[in-house]
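Below: the structure, in structure tokens.
Protein chains: 2
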Amino acid sequence: MSQTVDRALSILPLLAEGPADLGQVADRLGVHKSTALRLLRTLHEHGLVYRQSDQRYRLGARLFALAQEAMENLDIREIAHPHLARLNETCGHTVHLAVYEEGEVLYIDKVESRYPVRMYSRIGKPVAITVAAVAKLLLADLPEPERRVIAEKLDYPLYTARSTPNAPAFLRELEKVREQGWATDLGGHEESINCAAAPIRGADGRVVAAMSVSAPNVVVTADELLTLLPLVRRTADAISGEYSGRTPIKEAPKE
Amino acid sequence: MSQTVDRALSILPLLAEGPADLGQVADRLGVHKSTALRLLRTLHEHGLVYRQSDQRYRLGARLFALAQEAMENLDIREIAHPHLARLNETCGHTVHLAVYEEGEVLYIDKVESRYPVRMYSRIGKPVAITVAAVAKLLLADLPEPERRVIAEKLDYPLYTARSTPNAPAFLRELEKVREQGWATDLGGHEESINCAAAPIRGADGRVVAAMSVSAPNVVVTADELLTLLPLVRRTADAISGEYSGRTPIKEAPKE
DNA sequence: AGGAGCGTTGCACCTACTGCAACGTCCATT
DNA sequence: AATGGACGTTGCAGTAGGTGCAACGCTCCT
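Next up, the structure:
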């Protein structure tokens, strides 16, 4: 491990606490002022550190730019796929991955069931937004006013007797889903199909995608499917972790 | 300037473009694989890079956290946000908040009219500094010699026929903006988009941020947008008042 | 089973990082 | 106005430690 880089990077969390001048940085790093100066200069050239008008150092704007660009280039699908495949190996059912985009919920990945009886769905196709378990999770995470606006605008087709009938019922369901952190669709879209879904969250805690397992009654009952929920949630959490770059940080660098 | 740190930091923008393996990083840095490995390891220990399951490297969670903290230290943003949101409620258009830092102008907040969900999506991106209304305001407030130096160094891309063509034109525009206390961008960046902007000032009268409303021609004409100018200026003044009235002291949490 | 590609490690060399001390500048104090 | 102190900055000599090389181990593909 590189000492110089290590020291330089140690400056960042230090500055995250608030602005500091050269002396303070040098002290807390345990190095000579001149050394700290050179490190700060290098950080500065890369825009990670900003020198405010009173000459003290602060975290710089390039940090946003980097984080922002990294977000954009992150492909949930790519990251999630191995997890989805593994889940499918374990339970055998169809696994879906979906995102919310401009008023629609879209399937962006799918691993087919090993059983001969499969549910129909297509990647890229908008899902039945008022009933699908993944849709509930994605909408439940939106700010309340927006949820309301969307709910009012939607149609509520009665696919089955258990379909969500209207906006108030939908909003109530969303509230419930939001609180419990998972969702189901028990025959709300097609009479014989049940789903259990869990949210995938980004570094900021917001829901960026949702995943589900689906199976028809003829293969497993709704109750049996629900026993998979912990597994689904664990898988979703694993994807969240990887997506947000959450490293099991070791508390190494003290002395 | 420290070579080692310089190399290490050069990895970050490289990874922001997308995941890369050791060989790719080493090649693009122009160093031996073993060197790149050690740099990456150090970055990894600090959580700035993350190693995904396929062993490729990516920017890590710590970077997002730091960006977040850096952003939170900008208390203008906190103060301004409710005002921006209210303005957005009133006029329905996109509202931006931007600051100047180290030769760049960056959006630090945005309220999007149509897709409030994606409101963080472009924050952190440098703006088109030669044409954006907020950029003109922020640069116009710099001391004259500094303005000139910056203006000389800039590129003047012709996004549209109305883009600022060169340094003299830009300096003239800045002078005008400085005197009138507001700025516009009428199709200078994208043909169909107009903006009207106003400055936010600190207690000492210096411009600390700038805000704007933007709307495409298809929604409102440039003239109609300009009728919002008084409202934008009043909002900016309200933020200025609140910002300068408050003690901008951020206490360090330890010691 | 063999080979290619990639990450990893130990090592010797010498780059370039470090701490020191001296200098410049700004500000507060006398 | 003069002086002292605090802080940032720079040139320099010594050596800590970063670098590239080459060899090794692993996994995956043929």
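Residue numbers (the numbering used here), protein chains in the order written: chain A, 802 to 1056; chain B, 802 to 1056. Think of the CB as a built atom: it goes at the ideal place given N, C-alpha and C, for glycine as much as any other residue.
In three-state terms, what does DSSP make of residue i?
i	result
residue 1026 of chain A	helix
residue 843 of chain B	helix
residue 849 of chain A	coil
residue 955 of chain A	coil
residue 1040 of chain A	helix
residue 1057 of chain B	With chain B running from 802 to 1056 in the structure shown, residue 1057 of chain B is simply not present.
residue 961 of chain B	coil
residue 828 of chain B	helix
residue 802 of chain A	coil
residue 995 of chain A	strand
residue 854 of chain A	coil
residue 913 of chain B	coil
Consider the Cβ of residue i: report whether some Cβ of chain B lies at a distance smaller than 7 Å.
i	result
residue 967 of chain A	no
residue 839 of chain A	yes
residue 847 of chain A	yes
residue 765 of chain A	Outside the shown range of chain A, which is 802 to 1056, sits residue 765 of chain A, and nothing can be said about it.
residue 949 of chain A	no
residue 1046 of chain A	yes
residue 1035 of chain A	no
How many Å lie between residue i and residue j at the Cα?
i	j	result
residue 1047 of chain A	residue 867 of chain B	13 Å
residue 850 of chain A	residue 858 of chain A	7 Å
residue 931 of chain B	residue 1025 of chain B	24 Å
residue 970 of chain A	residue 1028 of chain A	26 Å
residue 958 of chain B	residue 822 of chain A	38 Å
residue 837 of chain A	residue 808 of chain B	17 Å
residue 818 of chain B	residue 848 of chain B	18 Å
residue 994 of chain B	residue 963 of chain B	12 Å
residue 914 of chain A	residue 1022 of chain A	16 Å
residue 1040 of chain B	residue 869 of chain A	26 Å
residue 874 of chain A	residue 860 of chain B	10 Å
residue 955 of chain A	residue 943 of chain A	15 Å
residue 827 of chain B	residue 890 of chain B	50 Å
residue 972 of chain B	residue 941 of chain B	8 Å
Report yes or no: is there a C-beta of chain A within less than 7 Å of the C-beta of residue i?
i	result
residue 1012 of chain B	no
residue 1003 of chain B	no
residue 920 of chain B	For residue 920 of chain B, the predicted structure reports a pLDDT of 33, less than 50, and the residue's modelled location is therefore unreliable. The matter cannot be settled from this model.
residue 867 of chain B	yes
On a Cα-Cα basis, can you pick out the residue from the options that is closest to residue i?
i	options	result
residue 894 of chain B	B:984, B:865 and B:1012	B:1012
residue 912 of chain B	B:1016, B:1029 and B:1035	B:1016
residue 802 of chain B	A:899, A:841, A:831 and A:941	A:841
residue 1008 of chain B	B:892, B:979 and B:844	B:979
residue 1045 of chain A	A:810, A:838, A:812 and A:872	A:872
residue 845 of chain B	B:971, B:824 and B:812	B:812
residue 820 of chain A	A:852, A:941 and A:810	A:852
residue 1038 of chain B	B:848, B:1001 and B:836	B:1001
residue 896 of chain A	A:822, A:903 and A:885	A:885
residue 928 of chain A	A:959, A:990, A:963 and A:834	A:990
residue 902 of chain A	A:925, A:999 and A:1032	A:925
residue 856 of chain A	A:825, A:810, A:804 and A:952	A:825
Hey, would you say residue i sits closer than 7 Å to residue j, going by beta carbons?
i	j	result
residue 934 of chain A	residue 906 of chain A	no
residue 898 of chain A	residue 880 of chain A	no
residue 843 of chain A	residue 1019 of chain B	no
residue 961 of chain B	residue 992 of chain B	yes
residue 1036 of chain A	residue 888 of chain A	yes
residue 975 of chain A	residue 948 of chain A	yes
residue 1033 of chain A	residue 1004 of chain A	no
residue 985 of chain A	residue 968 of chain A	no
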